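My numbering puts the sequence shown at residues 5 to 523. Positions of the beta carbon are idealized from the N, C-alpha and C atoms, including for glycine. A quick note: this is a predicted structure, and the numbers were derived from the prediction, not measured. Everything on this sheet refers to the single structure shown next.
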Amino acid sequence: MRIGSLALSPAIEKGIAYVRTVRAKVEPLCLRIWAVLNCNLVEGIILPERFLAVCMERGCVSAAAGERFLNRRRLTGFARYALEEDGYPTPDDLAAAASRAMKELGHRGSKVLLGVPREWVVIRTADMPSTVKENMGPVVTYEIDRLTPLTAADAMYDHVVGAERNERIAITLMAARKERLNPCLAALRERGLPPVKVSTPSVEMARLCGRLAGSRTFVSLHVDPYGYEGWSVEEDNLAGNFYGSFDSCGDEEDPQRRYEDVRAALAAAGAADGSRPAYLVAENGVGAGDVLPDIAHRQIGDSETMSLFGGSRKNVPFAPAAMLHEALSPGLKTFDLARSGAGEKKKGPRITSYVLAALLVMMLIPYVVVPLEIEKRKITAIEEQIRSRRKDVMEVERLKKEAEALQGELDQMEEFKKKRPMSLNILKGLTSLLPKTVWLTRTRITEETAEIEGYAASATGVLSILEQSDLFRKVEFASPTMKDARLNGERFVVRMELEGFKKQEAKTEGTVKKDEKGK
Numbered sequence: 005m006r007i008g009s010l011a012l013s014p015a016i017e018k019g020i021a022y023v024r025t026v027r028a029k030v031e032p033l034c035l036r037i038w039a040v041l042n043c044n045l046v047e048g049i050i051l052p053e054r055f056l057a058v059c060m061e062r063g064c065v066s067a068a069a070g071e072r073f074l075n076r077r078r079l080t081g082f083a084r085y086a087l088e089e090d091g092y093p094t095p096d097d098l099a100a101a102a103s104r105a106m107k108e109l110g111h112r113g114s115k116v117l118l119g120v121p122r123e124w125v126v127i128r129t130a131d132m133p134s135t136v137k138e139n140m141g142p143v144v145t146y147e148i149d150r151l152t153p154l155t156a157a158d159a160m161y162d163h164v165v166g167a168e169r170n171e172r173i174a175i176t177l178m179a180a181r182k183e184r185l186n187p188c189l190a191a192l193r194e195r196g197l198p199p200v201k202v203s204t205p206s207v208e209m210a211r212l213c214g215r216l217a218g219s220r221t222f223v224s225l226h227v228d229p230y231g232y233e234g235w236s237v238e239e240d241n242l243a244g245n246f247y248g249s250f251d252s253c254g255d256e257e258d259p260q261r262r263y264e265d266v267r268a269a270l271a272a273a274g275a276a277d278g279s280r281p282a283y284l285v286a287e288n289g290v291g292a293g294d295v296l297p298d299i300a301h302r303q304i305g306d307s308e309t310m311s312l313f314g315g316s317r318k319n320v321p322f323a324p325a326a327m328l329h330e331a332l333s334p335g336l337k338t339f340d341l342a343r344s345g346a347g348e349k350k351k352g353p354r355i356t357s358y359v360l361a362a363l364l365v366m367m368l369i370p371y372v373v374v375p376l377e378i379e380k381r382k383i384t385a386i387e388e389q390i391r392s393r394r395k396d397v398m399e400v401e402r403l404k405k406e407a408e409a410l411q412g413e414l415d416q417m418e419e420f421k422k423k424r425p426m427s428l429n430i431l432k433g434l435t436s437l438l439p440k441t442v443w444l445t446r447t448r449i450t451e452e453t454a455e456i457e458g459y460a461a462s463a464t465g466v467l468s469i470l471e472q473s474d475l476f477r478k479v480e481f482a483s484p485t486m487k488d489a490r491l492n493g494e495r496f497v498v499r500m501e502l503e504g505f506k507k508q509e510a511k512t513e514g515t516v517k518k519d520e521k522g523k
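Next up, the structure:
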């Protein structure tokens, strides 16, 4: 392993790897403690928190209502509202069905969750350096323009960040056209039912399958008479998505031939050979044996779904139930197309949490102060014994002098570390050299090298300016330049070695030595 031009010893590399391992184990625990301290102790615990999930499906609108009270989830009702035509509901049909479901299933003031068809959204996965987490907004906007046929201005979008591995993160993007979703949202608002969340239930169904099966790596599959959709999940992180329609999947009288595309999708996801468990949810008359006759799988039924809500009900629509479970389980990373470009939602007051945190700190103070006081008393007793023994005291004094000598050597080492070019001087040098038309987005400075990244009208012009300077040498492109049409410039990454700063440092050291000789 090398950082710049500095080679690390195997012991240091082992130490770094150990620190990363400990961080990966401790970070989830810290996040859970933080979530507990910041939880809302009113909604869902003291006062019931109610939701109504409404999903748009082919030929019907499915709905499920539930609540969380005393931190317990409960399914209060569900229904399917059939449409006259065999297509997706119109905005008026959706609003009418949601209003009817609110009267029949939900309670007044229930929060509405809207599930849109999978065919209406675009889902993409991008692998990026972990440094983009500090500036996620512009990165997501750029990736929407790059990976999807939509633009950020014309789309409703959201993202979920996966786990960090080898300084890389996987970002799952979801986007849909505003012109398609806005009529549905407007119709719901006219009925006084503004959705607090808009998403496709595909992700929630996959997570619910994993929760019910108790697995973190699996392939989920949801099948109904009109089509199928599924997810490949690795260690609770979304890895891949697939879906399709049965409109042209062969003869309806031959079920196995009808579901050939489903089995092919599962094989591509790694579930056909048994390397990953497959979980199947079959609804509306679809037989599990017809879908996967020769692939090992586990079917998720109503009894397993209701185990998370309590009670025993049959024919529960899985899509709204999955969205409902996600909403009633705070702290989960989920998609919400309604918050695209709006940042994080405002959270409620945390006065109760702050009071509990203060009480917790007050309870911990005795556990910290008392042991320290005991140790101080022990030290005092030891010092009295040292004074009573002259020889022992002299030995201690000798050890103190050795310790001071070692501290002096450490101070010299620390001073030696500081004798290197200051990053501020290097930045000043770059500022004086580069013209105003050059825009730097990242600067990385090591002991002997510097690497800059940014945009300019001509990347080769930047290279020539740096080569002519006496501050740098061995100036070269670290990666190919790319033309950015939006900024009307070229994106470049230039690596170079420091030269002028070393000479300045040598002159400074020479002056110091002359002064010492003069003295």
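Query raised in the report: By how many angstroms is the C-alpha of ALA180 removed from the C-alpha of LYS115?
Result: Counting from one through the sequence shown, the residue named residue 115 turns up at place 111. Counting from one through the sequence shown, the residue named residue 180 turns up at place 176. Approximately 22 Å between the Cα atoms of the pair.
Query raised in the report: Would a C-beta distance cut-off of 8 Å place LEU154 and MET106 closer than the cut-off?
Result: Position 150 of the sequence shown, counted from the first residue, corresponds to residue 154. Position 102 of the sequence shown, counted from the first residue, corresponds to residue 106. No, they are not a contact pair.
Report task. Please report the residue range of the alpha helix (DSSP H) in which ASP306 lies. Result -> In the sequence shown, the residue the question calls residue 306 occupies position 302. Residues 306-310.
Query raised in the report: Would the beta-carbon of ARG112 fall within 8 Å of that of LEU332?
Result: Numbered from its first residue, the sequence shown carries residue 112 at position 108. Numbered from its first residue, the sequence shown carries residue 332 at position 328. Cβ distance not < 8 Å, so ARG112 and LEU332 don't count as in contact.
Report task. Assign THR475 to one of three DSSP states: helix, strand, or coil. Result -> As a position in the sequence shown, residue 475 is number 471, starting the count at 1. Rather than Thr, the amino acid found at residue 475 in this sequence is Leu. Here LEU475 sits in coil by DSSP.
Query raised in the report: Since LYS201 is in the beta strand (DSSP E), which residue starts that stretch and which ends it?
Result: Working through the sequence shown from its first residue, we reach residue 201 at position 197. LYS201 -> beta strand (DSSP E) spans 199-203.
Query raised in the report: Who are the near neighbours of LEU494 in its chain, counting only those whose CB is closer than 8 Å to its CB and skipping five residues on each side?
Result: Here the question's residue 494 lines up with position 490 in the sequence shown. Note that residue 494 is Glu in the sequence shown here, rather than Leu. These residues qualify, in order along the chain: TYR459, ALA460, ALA461, SER462, ALA463, THR485, MET486, LYS487, ASP488.
Report task. May I ask you to list the residues that DSSP assigns as paired with GLN303? Result -> For the purposes of this step, residue 303 is taken as the residue at position 299 of the sequence shown. Its beta-bridge partners are LEU284.
Query raised in the report: So, is SER203 buried or exposed, given that buried needs 16 or more other C-beta atoms within 10 angstroms?
Result: Taking the sequence shown and counting its residues from 1, one reaches residue 203 at position 199. So SER203 counts as buried.
**Report entry** Nearest residue (CA-CA) to PRO229, options ARG262, MET209, LEU216, ARG215
**Finding:** Residue mapping note: residue 229 aligns to position 225 of the sequence shown, counting from 1. Closest option to PRO229, Cα to Cα, is ARG262.
Query raised in the report: CA-CA distance, PHE82 and PRO133?
Result: Translated into the one-based positions of the sequence shown, residue 82 becomes position 78. Translated into the one-based positions of the sequence shown, residue 133 becomes position 129. Between PHE82 and PRO133, the C-alpha separation is close to 43 Å.
Query - Rounded C-alpha distance that separates ASN241 from ALA167 - result: Mapped onto the sequence shown, residue 241 falls at position 237. Mapped onto the sequence shown, residue 167 falls at position 163. Rounded to whole angstroms, ASN241 to ALA167 spans 7 Å at the Cα level.
Query raised in the report: Can you tell me whether DSSP reads LEU177 as helix, strand or coil?
Result: On the sequence shown, position 173 is the one that residue 177 refers to. LEU177: strand per DSSP, three-state reduction.
Report task. Express the C-alpha separation of LEU434 and THR445 in angstroms, rounding to a whole number. Result -> As a first step, residue 445 must be located in the sequence shown, where it is residue number 441. As a first step, residue 434 must be located in the sequence shown, where it is residue number 430. In a straight line, the C-alpha of THR445 is about 13 Å away from that of LEU434.
Query raised in the report: Which value, in whole angstroms, describes the spacing of the CA atoms of ALA102 and VAL58?
Result: In the sequence shown, the residue the question calls residue 102 occupies position 98. In the sequence shown, the residue the question calls residue 58 occupies position 54. So the alpha carbons of these two residues sit roughly 7 Å apart.
Query raised in the report: What residues in its chain sit with their C-beta under 6 Å from that of ASN319, if we drop five residues either side in the sequence?
Result: Here the question's residue 319 lines up with position 315 in the sequence shown. There are no such residues.
Query raised in the report: Hey, how far is the Cα of SER1 from the Cα of GLU401?
Result: This structure cannot speak to residue 1, because the chain is shown only from 5 to 523.
Requested in this report: Give every residue of the same chain whose Cβ lies closer than 7 Å to the Cβ of PHE339, excluding the five residues on either side of it in the sequence, and list them in chain order.
Outcome: Position 335 of the sequence shown, counting from 1, holds the residue named residue 339. Same-chain partners within the cutoff: ASP162, VAL164, MET178, SER203, VAL207.
Report task. Report, in whole angstroms, the separation of the C-beta atoms of MET500 and PHE476, which I expect to be a contact under 8 Å. Result -> Residue 500 sits at position 496 when you count from the first residue of the sequence shown. Residue 476 sits at position 472 when you count from the first residue of the sequence shown. MET500 to PHE476, Cβ: 4 Å. Contact.
Query raised in the report: Between the C-alpha atoms of VAL466 and PRO95, what's the straight-line distance to the nearest angstrom?
Result: If you number the sequence shown from 1, residue 466 lands on position 462. If you number the sequence shown from 1, residue 95 lands on position 91. Between VAL466 and PRO95, the C-alpha separation is close to 55 Å.
Report task. Use the C-beta contact count for ALA21: other C-beta atoms within 10 angstroms, 16 or more gives buried, fewer gives exposed. Result -> Residue numbering aside, residue 21 sits at position 17 when the sequence shown is read from its first letter. That one is exposed.
Query raised in the report: For PHE250, which of PRO14, SER344, GLU138, VAL295 has the nearest alpha-carbon?
Result: Within the sequence shown, the letter at position 246 stands for residue 250. Nearest option by C-alpha distance: VAL295.
Query - Closest Cα partner of THR221 within the set ALA243, CYS34, LEU51, ILE456 - result: For the purposes of this step, residue 221 is taken as the residue at position 217 of the sequence shown. That would be ALA243, whose Cα lies nearest to the Cα of THR221.
Report task. Return helix, strand or coil for PHE322, following the three-state DSSP convention. Result -> Against the sequence shown, residue 322 aligns to sequence position 318. Helix, per DSSP.
Query raised in the report: So VAL207 is in the beta strand (DSSP E); what residue range does that whole segment cover?
Result: As a working note, residue 207 is residue 203 in the sequence shown. Taken as a continuous stretch (DSSP letters only), VAL207 belongs to no beta strand (DSSP E), being part of the alpha helix (DSSP H) at 206-217.
Query raised in the report: Would you call the CB atoms of VAL144 and LEU98 closer than 8 Å?
Result: Working through the sequence shown from its first residue, we reach residue 144 at position 140. Working through the sequence shown from its first residue, we reach residue 98 at position 94. For VAL144 and LEU98, no; Cβs fall outside 8 Å.
Query raised in the report: Would you say GLU72 and GLU53 are within 8 Å of each other, going by their C-beta atoms?
Result: Start at 1 with the first residue of the sequence shown, and residue 72 comes out as number 68. Start at 1 with the first residue of the sequence shown, and residue 53 comes out as number 49. According to the sequence shown, residue 72 is Arg rather than Glu. Against a cut-off of 8 Å, the Cβ pair of GLU53 and ARG72 comes out as a contact.
Query raised in the report: With which residues is ARG77 paired in a DSSP beta bridge?
Result: Mapped onto the sequence shown, residue 77 falls at position 73. Its beta-bridge partners are ARG72.
Query raised in the report: Does the Cβ of GLU233 have 16 or more other Cβ atoms within 10 Å, making it buried, or fewer, making it exposed?
Result: Position 229 of the sequence shown holds residue 233. Buried, because 16 or more other Cβ atoms sit within 10 Å of the Cβ of GLU233.
Requested in this report: For LYS543, collect the residues of the same chain with a Cβ closer than 7 Å to its Cβ; drop the 5 residues on either side in sequence, then sort them by chain order.
Outcome: With the chain covering 5 to 523 only, the question about residue 543 has no answer from this structure.
Requested in this report: List the endpoints of the continuous beta strand (DSSP E) containing LEU56.
Outcome: Here the question's residue 56 lines up with position 52 in the sequence shown. Note, LEU56: beta strand (DSSP E), 53-61.
Report task. Give me the Cα-Cα distance between GLU308 and SER427, rounded to the nearest whole angstrom. Result -> Against the sequence shown, residue 308 aligns to sequence position 304. Against the sequence shown, residue 427 aligns to sequence position 423. Going by the C-alpha atoms only, they are around 60 Å apart.
Query raised in the report: When we look at the beta-carbon of CYS213 and count the other beta-carbons within 10 Å, is it buried (16 or more) or exposed?
Result: Walking along the sequence shown from the start, residue 213 turns up at place 209. Its Cβ being crowded by 16 or more others within 10 Å, CYS213 is buried.
Query raised in the report: Would you call PRO205 buried or exposed, if buried means 16 or more other Cβ atoms sit within 10 Å of its Cβ?
Result: Residue numbering aside, residue 205 sits at position 201 when the sequence shown is read from its first letter. Answer is buried; the Cβ neighbour count reaches 16.
**Report entry** Boundaries (first-last residue) of the beta strand (DSSP E) holding TYR232
**Finding:** Here residue 232 refers to the residue found at position 228 of the sequence shown. Where TYR232 is concerned, the enclosing beta strand (DSSP E) stretches over 231-238.
Requested in this report: Tell me whether TYR371 is buried or exposed, calling it buried when 16 or more other Cβ atoms sit within 10 Å of its Cβ.
Outcome: Here residue 371 corresponds to residue number 367 of the sequence shown, with the count starting at 1. Counting Cβ neighbours within 10 Å, TYR371 comes out exposed, since fewer than 16 surround it.
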